[in-house]
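To start, the structure under review is shown below, and the notes come after it.
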Ligand code: OAD
């Protein structure tokens with residue numbers, strides 16, 4: 001397709017999933033080579049698993065951290081970050097926990113599913129914890145186990161984060177969804193808010209999925225190729 005001019009749009013939302021990071025080398029969750037093919041989430045990615053065996057769950061997340069640290073943002077991440085720097089009204093809503101948008105220079109990222117780079121004590125709140133291994137595994141204030149500040153299976157999303165994301169998406173006049181399979185709720189329902197709000201809805205994903213019919217434009221290309229071509233006037 002031909003490129004879009006970002007100048008034609010007041011409020012742009014990029015809505016990203018694991019496919020956004022795939023070209024950087026971060027594995028996706030579903031599809032070929034997906035993480036949930038090799039690891040049962042019941043053993044590694046839910047509160048019950050953490051209570052049963054916190055060390056096993058933290059080790060799994062350290063593997064995820066190591067994998068992400070070995071990767072670099074790609075041209076698509078850089079296009080989004082550059083657009084956010086260049087003008088107001090550009091929001092990023094991501095399902096990714098890898099912090100890759102921020103590493104490319106984005107500063108305003110709504111992280112629906114939390115972050116690999118934070119831990120949390122239910123009593124004493126959230127702390128940054130960046131690095132290959134967890135620096136702290138117990139809360140210094142109360143000694144409880146610190147858990148990754150990630151929305152695991154069976155967890156609820158943070159209410160304020162959802163509200164902020166939905167507000168941004170409803171207000172968008174250009175909504176660009178990138179690399180999401182559209183099967184994990186409630187995030188999978190968010191593109192509908194953009195449609196209802198009257199945004200031009202664009203999908204970037206090499207493969208179609210159940211959500212694809214909602215989009216006005218579908219670009220069947222990888223994100224790192226499609227994004228630089230989509231915004232030619234940056
Ligand atoms: P999935 O792994 O379910 O889907 C990845 C999508 O990316 C698929 O639709 C692929 O076709 C697409 N894709 C692959 N390579 C791509 C590329 N180079 N460019 C564009 N698209 C590409 O990932 P999500 O939809 O993000 O939760 O999954 C949602 C949530 O499920 C994740 O946030 C994660 C997981 O459980 C947590 O970690 C909390």
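Numbering (this note's numbering), first residue to last: 1 to 234.
All C-beta atoms, glycine included, are put in the ideal place defined by N, C-alpha and C.
Predicted, not measured: the structure shown is a model, and the values here were computed from it.
Subject >> Those runs of the beta strand (DSSP E) which lie wholly inside the stretch 8 to 95 and span at least 3 residues >> reply: 12 to 16 and 90 to 94
**OP:** Kindly indicate which three-state DSSP category residue 162 falls into: helix, strand or coil?
**Re:** Within the chain shown, numbered from 1, the residue matching residue 162 stands at position 162. Note: residue 162 maps to helix in three-state DSSP.
Original post:
Can we count residue 39 as close to the ligand OAD, meaning its CB is less than 7 angstroms from some heavy atom?
Top reply: Sequence index remark: in the chain shown, residue 39 carries index 39 (1-based). Every heavy atom of the ligand OAD is 7 angstroms or more from the Cβ of residue 39, so no.
Original post:
Would you call the stretch 138 to 151 and the stretch 102 to 122 touching, i.e. three or more CB-CB distances under 8 angstroms?
Top reply: yes
Subject >> At least 3 beta-carbon pairs within less than 8 angstroms: the stretch 191 to 202 vs the stretch 169 to 182 >> reply: yes
Subject >> Contacting residues, own chain, Cβ-Cβ under 7 angstroms from residue 78 (five flanking each side not counted) >> reply: Residue numbering aside, residue 78 sits at position 78 when the chain shown is read from its first letter. If we look at residue 78 and ignore the five residues flanking it on each side, its Cβ neighbours are 104.
**OP:** Use the C-beta contact count for residue 84: other C-beta atoms within 10 angstroms, 16 or more gives buried, fewer gives exposed.
**Re:** Against the chain shown, residue 84 aligns to sequence position 84. With 16 or more other Cβ atoms within 10 Å, it is buried.
Original post:
From residue 4 to residue 44, what does the alpha carbon distance come to, in whole angstroms?
Top reply: Within the chain shown, residue 4 is the residue found at index 4, counting from 1. Within the chain shown, residue 44 is the residue found at index 44, counting from 1. Approximately 41 angstroms, taken between the alpha carbons.
Subject >> Residues near residue 81 in its chain [Cβ-Cβ closer than 6 angstroms; skip 5 each side] >> reply: Start at 1 with the first residue of the chain shown, and residue 81 comes out as number 81. The residues are 104, 105 and 106.
**OP:** Would you list the one or two residues that DSSP bridges to residue 184?
**Re:** Translated into the one-based positions of the chain shown, residue 184 becomes position 184. None; residue 184 has no bridge partner.
Subject >> Closest by C-alpha distance to residue 70, when choosing among 132, 47, 114 and 19 >> reply: Position 70 of the chain shown holds residue 70. Among 132, 47, 114 and 19, the Cα nearest to that of residue 70 is on 132.
Original post:
Regarding residue 232 and the ligand OAD, is the C-beta to nearest heavy atom distance less than 7 angstroms?
Top reply: Within the chain shown, the letter at position 232 stands for residue 232. Incorrect: residue 232 has no Cβ contact closer than 7 angstroms to the ligand OAD.
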